[in-house]
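Participant: Can you keep this structure in mind? I'll have questions shortly.
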Amino acid sequence: MKRSYFNLNQPIIDYPYETNNEDGFVKSTYFHNSFILTFHLKNVNAKEIKFNVIGDNVRIEIIKEGKSKSAKFVKSSYKIYKLPEDVDSRSIKYMFNDNGDLVITGERQK
């Protein structure tokens with residue numbers, strides 16, 4: 282069975298993610314001065330991800346390209362996550378590690 286990366290029925294996922302998301306692969310960690318959001322994207326590589334900060338939201342899009350015998354195709358899906366209220370959206374950074382995790386970090390406003 283192939284994994285569905287995003288369920289597009291809900292356009293914006295509100296914080297706290299543990300109580301209201303159905304993705305099953307999102308982990309958020311909240312520290313005294315920072316915030317970490319981790320997505321386990323095992324079957325995705327860094328070139329297939331588009332990441333944007335839009336106001337107090339982060340938009341993550343996965344774009345998969347493929348070929349059939351007769352044509353090329355592109356599949357795209359995205360999800361928008363609302364940042365916690367006290368996270369400074371200007372401090373948001375992201376990286377894709379070797380384990381297939383998209384790690385998003387941000388600083389909390391004082």
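For our numbering, count along the sequence shown from 1 and bump the result up by 281. Quick reminder that beta carbons are idealized off the backbone N, C-alpha and C, glycines included. From a predicted model like this one, the values you see are computed outputs, not experimental measurements.
Going along the chain, which residues of its own chain have a beta-carbon closer than 8 Å to the beta-carbon of I293, five neighbours each way excluded?
Facilitator: Sequence index remark: in the sequence shown, residue 293 carries index 12 (1-based). Result list for I293: N338, I361, Y362, K363, in chain order.
Participant: In the DSSP assignment, what residue or residues form a beta bridge with E342?
Facilitator: Numbered from 1 along the sequence shown, position 61 holds the residue referred to as residue 342. K331, Y359.
Participant: Can you give me the Cβ contacts of S357 inside the same chain, cut-off strictly under 8 Å, excluding the 5 residues immediately before and after it?
Facilitator: Residue mapping note: residue 357 aligns to position 76 of the sequence shown, counting from 1. If we look at S357 and ignore the five residues flanking it on each side, its Cβ neighbours are E342, I343, I344, K345.
Participant: Straight-line CA distance for G381 to K350?
Facilitator: Along the sequence shown, read from residue 1 onward, the residue named residue 381 stands at position 100. Along the sequence shown, read from residue 1 onward, the residue named residue 350 stands at position 69. Computed Cα separation, rounded: 29 Å.
Participant: When you compare the CB positions of F316 and L383, do they come within less than 8 Å of one another, or not?
Facilitator: Along the sequence shown, read from residue 1 onward, the residue named residue 316 stands at position 35. Along the sequence shown, read from residue 1 onward, the residue named residue 383 stands at position 102. Not in contact: F316 and L383 (Cβ atoms no closer than 8 Å).
Participant: Excluding five sequence neighbours on each side, which residues of the same chain lie with their C-beta closer than 6 Å to the C-beta of L322?
Facilitator: Residue 322 sits at position 41 when you count from the first residue of the sequence shown. Closer than 6 Å at Cβ, skipping near neighbours: G381, L383.
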